[in-house]
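Numbering (the numbering used here), first residue to last: 1205 to 1681. Glycine included, every Cβ here is placed at the ideal spot set by N, Cα and C.
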Ligand SMILES: [Ca+2]
Ligand SMILES: [Ca+2]
Ligand SMILES: [Ca+2]
Ligand SMILES: [Ca+2]
């Protein structure tokens, strides 16, 4: 009997087979047990200031931090929690099955000296790609989720991708659907979104990119409380175009926000050449798609727009995936991951390589201030070579310094975020090390990263963490 592998299964099978190939066993404790709070010294090593990270050539690991460090000292109560967006596979009798479970949102908060995990599941989807806090003067605060579905099937009712907003009332969570859609392909995903006042009317909008079909849509909140959201589709490609990432910023400094997206060709199992680009839209000015980064025979699933170098102007960073040869598990990197920088006046083919990472891909860039000195740092979370700290040098348009934060941290997405959960003005780094089945917190003590495991699961491959975002605990009451 010939069976066709559905695309979602292929995607997840690819993801999980890669994770399987590199996975170790036996780490973690109970899935929902709140995790074990342990302090560890991550396996760090300086990669020097060459702008190149090569895990094969790093120095010997050195212990992190000093004797004064007490990294386990997370305050007993934190005013902010973390939202973890998951896809999950059903575990039966302790065994992992190939059956996807409902989309799952984990809310992890620290209260009374314990990390406590609460979960929300949505049976109408098999993945939450992201969850974000939303609030405007016309819309009460809630958690906005982006979901992806099973493949479209005749007569099925669960194959619409959805943007929903969740609120708690009387202890129960309920969702209001802001936008649900099928895009004409086999699978529907609200793949990424960002929130900002893109139209400049004082109300934050939601900019959404989809996978498949490369649809770019703006969700505009009602002008008056209780009114309807406006759904404005501003671009649509075809089934062979996936958007993985949306960013918003003002790179040209004219006071109007631009929206950036990363359309690329579909993934292939071989992982060979895959064309991609970064495009810009200016919805307020009615300006359509403009290519700002032409990545040739390569592509990116991760970009970051923001003022990292502190000169008052936003710039674009693109994590260009490697060129590789061979199939899993024998993949060779031909051209490594590059982090390229583009300013508003950079031609699309002239991005500056600020760092390279000898890995296959890097799906998360996050920016924060690890030492509270007012200057920002960037963390690149690569697929299998760990976490890297990137800092601009004297010329932020040249090569940056790059050093290892932790080599023992990996995952297909490797979702990471800087967030100041304790509100002390210094960002902590939170990382979903899916291969290790752990959620980890890093703080910098005496200039060195200190790792604490704040949650873990018994079967690392049972879940994939797509995104992490903070949420005020006051919204969870
Ligand atoms: Ca602008
Ligand atoms: Ca800047
Ligand atoms: Ca800093
Ligand atoms: Ca902090």
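Taking only heavy atoms of ligand 2 into account, decide whether any of them is closer than 7 Å to the Cβ of residue 1511.
At least one heavy atom of ligand 2 is nearer than 7 Å to the Cβ of residue 1511, so yes.
Less than 8 Å between the C-beta atoms of residue 1414 and residue 1438, yes or no?
No. Outside cutoff.
Residues in its own chain within less than 8 Å of residue 1401 by CB, not counting five upstream and five downstream?
Closer than 8 Å at the Cβ level, and outside the excluded window around residue 1401, lie 1407, 1408, 1409 and 1461.
Which residues count as close to ligand 1 when the rule is a CB under 6 Å from any of its heavy atoms, in chain order?
After applying the 6 Å Cβ criterion, the set is 1454, 1456, 1458, 1460 and 1462.
Taking residue 1623 and residue 1631 to be in contact with their CB atoms under 8 Å, please state how far apart those CB atoms are, rounded to whole angstroms.
With a Cβ gap of about 6 Å, residue 1623 and residue 1631 count as contacting.
Would you list the residues sitting across from residue 1394 in a DSSP beta bridge?
DSSP, once it has assigned bridges, lists 1414 as partnering residue 1394.
So, at 8 Å on beta carbons, what are the nonlocal neighbours of residue 1333 in its own chain, with the 5 sequence-adjacent residues on each side left out?
These residues qualify, in order along the chain: 1289, 1350, 1351, 1352, 1393, 1394, 1395, 1396, 1670 and 1671.
How would you write the range of the beta strand (DSSP E) that residue 1469 sits in, first residue to last?
Looking at the DSSP string, residue 1469 is not in any beta strand (DSSP E), and its letter there is neither H nor E.
What are the partner residues of residue 1671, as DSSP defines its beta bridges?
1289, per the DSSP bridge assignment.
Using a 10 Å radius around the Cβ and a threshold of 16 neighbouring Cβ atoms, would you call residue 1445 buried or exposed?
Residue 1445 should be labelled buried.
Buried or exposed: where does residue 1489 fall if 16 or more other Cβ atoms within 10 Å of its Cβ makes it buried?
Residue 1489 comes out exposed.
Among the residues of its own chain, which have a CB less than 7 Å from the CB of residue 1197, if the five just before and after it don't count?
In this structure the chain extends from 1205 to 1681, so residue 1197 is not present and cannot be described.
Listed by chain order, which residues have C-beta atoms less than 5 Å from any heavy atom of ligand 3?
Listed along the chain, these residues meet the criterion: 1573, 1575, 1577 and 1579.
To the nearest angstrom, how far is the alpha carbon of residue 1308 from that of residue 1449?
If you take the alpha carbons of residue 1308 and residue 1449, they lie about 20 Å apart.
In three-state DSSP terms, what is residue 1489?
Three-state result, residue 1489: helix.
Cβ atoms of residue 1526 and residue 1537: under 8 Å apart, would you say?
Contact: yes.
Buried or exposed, going by whether 16 or more other CB atoms sit within 10 Å of the CB of residue 1664?
It counts as buried.
Select from 1636, 1564, 1518 and 1487 the residue whose C-alpha is nearest the C-alpha of residue 1587.
Cα-wise, what sits closest to residue 1587 is 1564.
According to DSSP, is residue 1677 helix, strand or coil?
If DSSP states are grouped into helix, strand and coil, residue 1677 belongs with the helices.
For residue 1338 versus residue 1311, is the C-beta spacing smaller than 8 Å?
Against a cut-off of 8 Å, the Cβ pair of residue 1311 and residue 1338 comes out as no contact.
Keeping to the same chain, check which residues put their C-beta closer than 6 Å to that of residue 1642; ignore five residues upstream and five downstream.
Counting only Cβ-Cβ distances below 6 Å, and skipping sequence neighbours, we find 1657 and 1660.
Output the distance between the C-alpha atoms of residue 1677 and residue 1320, rounded to the nearest integer angstrom.
Whole-angstrom Cα-Cα distance: 12 Å.
Kindly indicate which three-state DSSP category residue 1373 falls into: helix, strand or coil?
Residue state, collapsed to three classes: strand.
Of all the options 1675, 1627, 1617 and 1652, which has the alpha carbon lying nearest to the alpha carbon of residue 1291?
Nearest C-alpha to residue 1291: 1617.
What residue from 1645, 1305, 1372 and 1419 has the CA that sits closest to residue 1727's CA?
As displayed, the chain neither begins before 1205 nor continues past 1681, which places residue 1727 out of reach and without an answer.
Using only CA atoms, which one of 1528, 1635 and 1324 lies nearest to residue 1585?
When only C-alpha atoms are compared, the closest one is 1635.
Beta-carbon separation of residue 1604 and residue 1594 under 8 Å?
In this structure, residue 1594 lies closer than 8 Å to residue 1604 by Cβ.
Could you check how far apart the C-beta atoms of residue 1507 and residue 1451 are, in whole angstroms? I think they sit under 8 Å.
That belief holds up - the Cβ atoms of residue 1507 and residue 1451 are roughly 5 Å apart, short of 8 Å.
Can you name the start and end residues of the beta strand (DSSP E) that residue 1610 belongs to?
Looking at the DSSP string, the run of the beta strand (DSSP E) that includes residue 1610 is 1605 to 1610.
Since residue 1646 and residue 1625 should fall inside the 8 Å C-beta cutoff, what is the C-beta to C-beta distance between them, to a whole number of angstroms?
Wrong, their Cβ atoms sit about 12 Å apart, outside the cutoff.
Of all residues in the structure, which have a C-beta closer than 7 Å to any heavy atom of ligand 4, taken in chain order?
Answer in sequence order: 1624, 1625, 1626, 1627, 1628, 1629, 1630, 1631 and 1632.
Unbroken beta strand (DSSP E) runs of length 3 or more, entirely within the region 1511 to 1563: which are they?
Listed in chain order, the complete beta strand (DSSP E) runs (minimum 3 residues) inside the region 1511 to 1563 are 1519 to 1524, 1527 to 1529, 1536 to 1539, 1541 to 1546 and 1556 to 1561.
Output needed for residue 1559: all residues of its chain with C-beta closer than 6 Å, excluding positions within five of it in sequence on either side, in chain order.
For residue 1559, where only same-chain residues beyond five positions count, the Cβ hits under 6 Å are 1255, 1543, 1594, 1604 and 1606.
At which residues does the beta strand (DSSP E) containing residue 1653 begin and terminate?
It spans 1652 to 1660 - the beta strand (DSSP E) in which residue 1653 sits, taken as one unbroken run.
Quickly, what does DSSP pair residue 1284 with across the bridge? List them, please.
In the DSSP output, where bridge partners are listed per residue, residue 1284 has 1676.
At 4 residues or longer, and completely inside the region 1292 to 1360: list those alpha helix (DSSP H) runs for me, N to C.
Here no run is fully enclosed.
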